[in-house]
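Written below as structure tokens is the structure these notes are about.
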Amino acid sequence: MPTDIMIVEDSPTQAAMLEELLRSHGYETQTAVDGQRALEAARRRPPALIISDVTMPVMNGFQLCLAVKQDPRLCHIPVILLTSLSAPRDLLSALEAGADFHVPKPYHDDHLLRKIAEALAHRSEAGRAGPVKVEPVSVNGVTYRISASREKTLGLLLSTYEVAVGQYQELVQTRDELVALNESLELRVRERTSSLMDEMTERRQAEAALRELNVSLEQRVNDRTAELLAANKELEAFSYSVSHDLRAPLRAMDGFSMALLEDSAGKLDETAQGYLRRIRAGSQRMAELIDDLLNLSRITRAEMRRERVDLTAMAEEIGAEFKVSCPDRQVELVVTRAMVVRADGPMLRVVLNNLLGNAWKYTARCAQARIEVGAQEQDGKRVFFVRDNGAGFDMAYVGKLFGAFQRLHSAQEFEGTGIGLALVQRIIHRHGGCVRAEGAVGQGATFYFTLEEKGD
Amino acid sequence: MNNLKTILLVEDNPDDLALTLRALKNHNVANKIVEAHDGVEALDYLFCTGAHAGRDTRQQPQLILLDLKLPKVDGLEVLRRIRNDQRTRLLPVVILTSSDEEKDIVSGYALGANSFVRKPVDFEQFAVSVRQLGFYWLLINEPPPAIGGLP
Chain A
134 MPTDIMIVED
144 SPTQAAMLEE
154 LLRSHGYETQ
164 TAVDGQRALE
174 AARRRPPALI
184 ISDVTMPVMN
194 GFQLCLAVKQ
204 DPRLCHIPVI
214 LLTSLSAPRD
224 LLSALEAGAD
234 FHVPKPYHDD
244 HLLRKIAEAL
254 AHRSEAGRAG
264 PVKVEPVSVN
274 GVTYRISASR
284 EKTLGLLLST
294 YEVAVGQYQE
304 LVQTRDELVA
314 LNESLELRVR
324 ERTSSLMDEM
334 TERRQAEAAL
344 RELNVSLEQR
354 VNDRTAELLA
364 ANKELEAFSY
374 SVSHDLRAPL
384 RAMDGFSMAL
394 LEDSAGKLDE
404 TAQGYLRRIR
414 AGSQRMAELI
424 DDLLNLSRIT
434 RAEMRRERVD
444 LTAMAEEIGA
454 EFKVSCPDRQ
464 VELVVTRAMV
474 VRADGPMLRV
484 VLNNLLGNAW
494 KYTARCAQAR
504 IEVGAQEQDG
514 KRVFFVRDNG
524 AGFDMAYVGK
534 LFGAFQRLHS
544 AQEFEGTGIG
554 LALVQRIIHR
564 HGGCVRAEGA
574 VGQGATFYFT
584 LEEKGD
Chain B
405 MNNLKTILLV
415 EDNPDDLALT
425 LRALKNHNVA
435 NKIVEAHDGV
445 EALDYLFCTG
455 AHAGRDTRQQ
465 PQLILLDLKL
475 PKVDGLEVLR
485 RIRNDQRTRL
495 LPVVILTSSD
505 EEKDIVSGYA
515 LGANSFVRKP
525 VDFEQFAVSV
535 RQLGFYWLLI
545 NEPPPAIGGL
555 P
């Protein structure tokens, strides 16, 4: 016949777990939800062992235990109290109540089963103990009347000790785990710190290198700026000297040739006079070249001031000036309306003056000269153009067109120094634009240019 | 001849000097022309020092034709001293130079030049310029009192 164990537990979940554990180990169980009912049930059908919770309604575990031990028919039944026993008072209360064992909650299944087996083995002793001497014990000013036998007291103390040892071992294990965890953490911190230090060192080195590079770059920029300033100054001095010193000898050549022509014309034959005229023409042409060179260098150095420029009005003004200076010419000038840009006004006037001047010059032999100034859209940009139906040029030489002092026509054919288009190109480049030309011999030429139009 | 208005021609280049003199003569400018070949000579003449010590400082030229690029003391410095001296500060000064550098023109006017004329290479134009200068400054322009036509 299986051993019958009474479970006294108010929590249905804990009761069910305990029932499950005991039945799986071959015990039979009966369950009561408080001390009162347990006592009644025990009197009806005495179990081999009572396992009781402490905190319960109606009658708690201590009261139940006391009642069992005072009942002569039940006093031989061993009682195991499931307590926390965290305070000495609980232990004393258990002793006072005459509990045989106590098992701390939460319990290990094995521990509980071992205690059950032990309690069942000593069952006979519990019954034989008979009446014992009551010992009053005072703790914290409260007197407990301990009637338990020495064995019971010892057993309870041992259980407490066991619990304490178990808890101590758990604590030791936890501490060891903590130490190990701490060590591994420390190791990781050390590793991370060292890698951070490496990173910081690397970063510091990179920063230092960058600073050094910056300083050297700045130095190079300063040096280069100084060099450029010096070069610019030199260029200015050179231009100044050119404008001053190169012209004086030319003036002497021209002036004294003229003096000879005036004073000694009678002593010179026609050939000699022709030579003198050639000397004068040569010096004057050289003076023009010098002036053009100076203009080119000035345009390169001059400060740009962007403003609103009415290209239409400017082109018409320049056209009108040409018409006044050559009243004999019949030239049809067509200018697109409302071409307004932001650019340096005086510089743009040089551009239009040169492009229109060329168009004017190279249509001199046209019966029906036509010059067109306009704008067209190309790749989202405005492209301006000056088109004529004059002498044109051979596209094979288009590369030479914008070089300073490059000419595609002889001076006899069309006069000029060859500086105009070089000037145009420099000005357009300074505006961030491009200039190009299209043409064919005898079929006119078209010059296209763009301007980087900043702002509005 | 003392009463005739004098022109001070400050020019270091002998060719330019000869051509200017020739142009003045050709256009019948009969005024006395005093030549100075550098800035120091010009200042000596105006302030009656050095080679011109003892000259009467009240006798000042009616017109100064001043080149800019001069040995020793340059033209702009000569102009500065002329304008800073009570005896000469009202004298008409025409800068006659090869340069057409903007900074020279600006400095010239800033220091109180009355005119700035660039010498053309073409002698005919040069002669016309000189004639017009003489015509304007010696005949048309009314000089400030206390210079030129004083007894």
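Top line first, the protein sequences correspond to chains A and B. Quick note: the first sequence uses our numbering, first residue 134, plus one each step. Quick note: the second sequence uses our numbering, first residue 405, plus one each step. Here a beta-carbon is modelled for each residue, glycine too, at the ideal position from N, C-alpha and C.
The same chain holds no residue with a CB closer than 7 Å to that of I544/B once the five nearest residues on each side in sequence are set aside. Annotation for D460/B: C452 place their beta carbon closer than 8 Å to its own, counting only its chain and skipping 5 residues before and after. The segment 462–476 of chain B and the segment 407–426 of chain B touch, with no fewer than 3 CB-CB distances between them shorter than 8 Å.
If you look at M139/A, you'll find it in the beta strand (DSSP E) that goes 137–141. Under DSSP, the beta-bridge partners assigned to T579/A are R520/A, E571/A.
Taking C-beta separations shorter than 7 Å and ignoring five residues to either side along the sequence, the partners of L197/A in its chain run V141, G168, A171, L172, S185, following chain order. Taking a contact to require three or more Cβ pairs closer than 8 Å, the segment 503–523 of chain A and the segment 458–472 of chain A qualify as touching. At least one CB of chain A lies nearer than 8 Å to the CB of L423/B. In the three-state DSSP reduction, G549/A falls in the coil class, being neither helix nor strand. I423/A places its beta carbon 8 Å or farther from that of L556/A. Nearest CB-CB separation between V525/B and chain A: below the 8 Å threshold.
Proximity of S503/B to chain A, defined by a Cβ-Cβ separation below 8 Å, is satisfied.
Exposure of F371/A is indicated by the presence of fewer than 16 other C-beta atoms within 10 angstroms of its C-beta.
Taking C-beta separations shorter than 7 Å and ignoring five residues to either side along the sequence, the partners of R569/A in its chain run Y581, following chain order.
Annotated as distal: T216/A and P190/A, with beta-carbon spacing of 8 Å or more. Residue pairing by DSSP places P237/A opposite T216/A in a beta bridge. With respect to the 8 Å criterion, I138/A and L207/A are not classified as neighbours on the basis of their beta carbons. In this structure, the straight-line span from the alpha carbon of V498/B to that of P382/A is close to 22 Å. For I279/A, the secondary structure class from DSSP, reduced to helix, strand or coil, is strand. If only uninterrupted alpha helix (DSSP H) runs of at least 4 residues are considered, those enclosed by the segment 371–432 of chain A are 380–396. Nearest CB-CB separation between E481/B and chain A: not below the 8 Å threshold.
Counting only runs of at least 4 residues, the segment 451–535 of chain A fully encloses the following alpha helix (DSSP H) elements, listed from N- to C-terminal order: 478–495. Distance from the CA atom of L489/A to the CA atom of E439/B, rounded to whole angstroms, is 47 Å. Contact between D521/A and R503/A holds, since their C-beta atoms are separated by about 7 Å, short of 8 Å. With contacts defined as CB atoms closer than 8 Å, Q163/A and A174/A qualify as a contacting pair. Contact annotation for K473/B against chain A: H377 [CB-CB distance below 7 Å, chain order].
Here R438/A carries a coil assignment [DSSP, helix/strand/coil].
A straight-line Cα-Cα distance of about 21 Å links E505/A and P479/A. Counting the other CB atoms within 10 Å of its CB gives F539/B a total below 16, which places it among the exposed residues.
Per DSSP, A440/B is one residue of the beta strand (DSSP E) stretching across 436–440. Using a C-beta cut-off of 8 Å, the segment 527–534 of chain B makes contact with the segment 383–402 of chain A, since at least three inter-stretch Cβ pairs fall below that distance. Each of R482/A, E510/A, I561/A, E450/A was checked against the Cα of F535/A, and the nearest Cα belongs to I561/A.
Taking 8 Å as the CB threshold, G388/A lines the interface with chain B.
The CB of Q417/A comes closer than 7 Å to the CB of V525, D526 in chain B, given here in chain order. Residues of the segment 422–446 of chain B whose Cβ lies closer than 7 Å to any Cβ of chain A, in chain order: L423, R426.
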